[in-house]
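Numbering (the numbering used here), first residue to last: 5 to 441.
Have a look at this one:
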């Protein structure tokens with residue numbers, strides 16, 4: 005019998021114990037792999053999507069929610085803010101770049117973001133085809149949306165699929181972005197006016213003109229004018245009258261005062277990063293959230309859960325190692341005669357030792373493979389059915405730290421098998437074959 009045949013026969017003879025050990029190992033590896041895949045995805049998204057954004061200005065509420073909804077597009081906005089008030093901070097001397105966002109609609113779950121050309125420029129996005137939008141209801145599609153050049157579509161109410169369709173106005177794709185590896189891949193970009201006009205608000209092109217001619221003097225009396233309940237206005241972009249005509253939708257001079265969802269700021273100095281949030285909080289009804297601070301808090305919260313999963317995984321892997329040890333130890337007591345025969349046939353002590361270790365490693369490798377495959381399948385299902393994961397383009401990948409998990413499991417299996425393997429290698433052949441104990 006070959007070494008492989010002996011190992012296979014040994015595993016078959018104790019199939020129940022082997023199956024238990026494989027399942028315990030697989031479950032521990034699956035939990036560890038799920039945690040690592042999720043952590044890898046979060047780290048990649050946080051790095052790519054939050055690149056260079058110093059502050060997010062928006063309606064008061066949860067700062068973390070504001071950051072997640074406006075930078076990462078995986079949560080609901082905290083509300084809307086007056087565009088006129090936003091202009092004060094867009095033109096502040098400490099602000100290098102200001103990117104307004106008007107959210108409220110989606111197409112098949114992909115968010116439609118009213119913004120300016122500064123948004124794709126911030127992420128160094130390049131066009132695969134076409135051009136950027138020039139007028140209302142022209143749109144540029146992200147690489148993951150599946151919208152091709154010339155496609156026409158209507159937006160749906162809300163930020164999740166299944167909302168009421170805005171049949172009164174169609175968007176037309178005039179450009180398609182190359183894949184960027186950022187949140188832009190999952191967005192449909194259009195002008196601010198596209199979103200504002202569709203929701204019964206005034207267009208803002210004339211606001212840009214007026215602002216540059218009148219400077220900052222008109223901003224000092226804003227605070228009392230806009231101190232209202234933003235939670236009530238959370239769905240302002242959704243609650244427009246559906247009866248306006250096509251001509252009315254393009255009328256920039258009529259309708260409600262424009263409001264946007266948030267303002268992404270890139271600042272000129274680190275000092276401004278400390279001073280502007282305090283200034284905004286004291287002088288307005290808005291809030292300014294620091295993405296770096298909020299993401300650190302989020303990471304800390306996730307870290308607590310990750311530590312719990314790590315401990316549970318370690319416990320399961322340790323139990324699996326004990327199961328391997330118990331299975332080998334008990335099985336060898338029943339196969340001492342077979343081992344003695346192998347020794348008599350010329351098998352050396354080291355070869356016997358290797359056979360027992362190989363048996364343990366076979367169990368561990370089966371558990372590792374089953375655990376990793378299960379983790380990828382589970383994460384893929386989660387990525388399709390959990391909205392934040394789906395919105396962030398989550399996909400099962402093999403993070404490098406998972407190799408260390410595999411090494412740890414194999415090491416645990418070797419340690420578990422070491423004592424039974426030593427006992428098997430040191431068996432007294434003559435005594436065993438003569439029936440002595």
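Beta carbons: idealized from backbone N, C-alpha and C, even for Gly.
(1) What is the DSSP secondary structure of residue 372, reduced to helix, strand or coil?
(2) So, do the segment 276-288 and the segment 49-56 have three or more beta carbon pairs nearer to each other than 8 Å?
(3) How would you label residue 219, buried or exposed, when you count the other beta carbons within 10 angstroms and need 16 or more for buried?
(4) Could you say which of 268, 86, 360 and 358 lies nearest to residue 100 if we only look at CA atoms?
(5) For residue 80, which residues of its own chain have a beta-carbon under 8 Å away from its beta-carbon, when the five flanking residues on both sides are left out?
(6) For residue 405, does the three-state DSSP call read helix, strand or coil?
(7) What are the boundary residues of the alpha helix (DSSP H) that includes residue 142?
(8) Leaving out five residues before and five after residue 134 in sequence, what residues of the same chain have Cβ atoms less than 7 Å from its Cβ?
(9) Do you know offhand how far residue 230's Cα is from residue 86's?
(10) Going straight from the alpha carbon of residue 394 to that of residue 388, what length do you get?
(11) Exposed or buried, residue 376, counting other C-beta atoms within 10 Å across all chains shown (16 or more means buried)?
(12) Based on the DSSP secondary-structure assignment, which residues constitute the bridge partners of residue 59?
(13) Taking the alpha-carbon positions, what's the residue 66 to residue 83 distance?
(14) Does the pairing of the segment 103-110 with the segment 135-155 give three or more beta-carbon distances under 8 Å?
(15) By DSSP's criteria, residue 177 is part of a beta bridge. Which residues make up the other side?
(16) Could you check whether the segment 401-419 touches the segment 319-327, counting it as contact only if at least three pairs of C-beta atoms, one from each stretch, sit closer than 8 Å?
(17) Evaluate residue 262 with the Cβ neighbour count: other Cβ atoms within 10 Å of its Cβ, from every protein chain shown; 16 or more gives buried, anything less gives exposed.
(18) Once DSSP output is grouped into helix, strand and coil, what is the label at residue 390?
(19) Please state if the CB of residue 426 and the CB of residue 357 are separated by a distance shorter than 8 Å.
(20) Buried or exposed for residue 428, going by 16 or more other Cβ atoms inside 10 Å?
(21) Can you list, in chain order, the stretches of the beta strand (DSSP E) that have 3 or more residues and sit fully within the segment 32-109?
(22) Could you give the distance in angstroms between the alpha-carbon of residue 59 and the alpha-carbon of residue 331?
(23) Between the Cα of residue 407 and the Cα atoms of 423, 383, 382 and 369, which residue gives the shortest distance?
With the structure as the only source:
(1) For the purposes of this step, residue 372 is taken as the residue at position 368 of the chain shown. Here residue 372 sits in helix by DSSP.
(2) The segment 276-288 is not in contact with the segment 49-56.
(3) Locating residue 219 in the chain shown gives position 215, counting from the first residue. Any reading at residue 219 needs caution, since the residue's pLDDT is 37, under 50, leaving its predicted position unreliable; the model's value is listed next. Burial call: exposed.
(4) As a first step, residue 100 is located in the chain shown; it is residue number 96 there, counting from the start. For the residues 268, 86, 360 and 358, the minimum Cα distance to residue 100 belongs to 268.
(5) For the purposes of this step, residue 80 is taken as residue 76 along the chain shown, with counting starting at 1. These residues qualify, in order along the chain: 69, 73, 163 and 238.
(6) As a working note, residue 405 is residue 401 in the chain shown. In this structure, residue 405 counts as coil in the three-state DSSP scheme.
(7) Within the chain shown, residue 142 is the residue found at index 138, counting from 1. Where residue 142 is concerned, there is no enclosing alpha helix (DSSP H), although the beta strand (DSSP E) it sits in stretches over 142-145.
(8) Taking the chain shown and counting its residues from 1, the one referred to as residue 134 is at position 130. The answer, listed in chain order, is 153, 178, 179 and 180.
(9) Counting from 1 along the chain shown, the entry for residue 230 is found at position 226. Counting from 1 along the chain shown, the entry for residue 86 is found at position 82. Only weak support exists for where residue 230 lies, its pLDDT of 41 falling under 50; the value from the coordinates is given anyway. Computed Cα separation, rounded: 7 Å.
(10) Within the chain shown, the letter at position 390 stands for residue 394. Within the chain shown, the letter at position 384 stands for residue 388. Looking at the two C-alpha atoms, the distance is approximately 5 Å.
(11) Numbered from its first residue, the chain shown carries residue 376 at position 372. Of the other Cβ atoms in all chains shown, 16 or more fall within 10 Å of the Cβ of residue 376; this residue is therefore buried.
(12) Along the chain shown, one-based indexing puts residue 59 at 55. According to DSSP, which records beta bridges pairwise, residue 59 is partnered with 269.
(13) On the chain shown, residue 66 is found 62 positions in, with the first residue counted as 1. On the chain shown, residue 83 is found 79 positions in, with the first residue counted as 1. Going from the Cα of residue 66 to the Cα of residue 83 covers about 11 Å.
(14) The answer is no - the segment 135-155 does not touch the segment 103-110, with fewer than three Cβ pairs under 8 Å.
(15) For the purposes of this step, residue 177 is taken as residue 173 along the chain shown, with counting starting at 1. Its beta-bridge partners are 143.
(16) Yes, the segment 401-419 touches the segment 319-327.
(17) Taking the chain shown and counting its residues from 1, the one referred to as residue 262 is at position 258. Residue 262 should be labelled buried.
(18) As a working note, residue 390 is residue 386 in the chain shown. Under the three-state reduction of DSSP output, residue 390 falls in the coil class, being neither helix nor strand.
(19) The sequence position of residue 357 within the chain shown is 353, counting from 1. The sequence position of residue 426 within the chain shown is 422, counting from 1. Using a Cβ distance threshold of 8 Å, residue 357 and residue 426 count as a contacting pair.
(20) Here residue 428 is taken as the residue at index 424 of the chain shown, counted from 1. Residue 428 comes out buried.
(21) Segments of the beta strand (DSSP E) lying fully in the segment 32-109: 59-63.
(22) Numbered from its first residue, the chain shown carries residue 59 at position 55. Numbered from its first residue, the chain shown carries residue 331 at position 327. If I take the Cα positions, the gap works out to 58 Å.
(23) To locate residue 407, count along the chain shown from 1; it is residue 403. Residue 369 is the option with its Cα nearest to residue 407.
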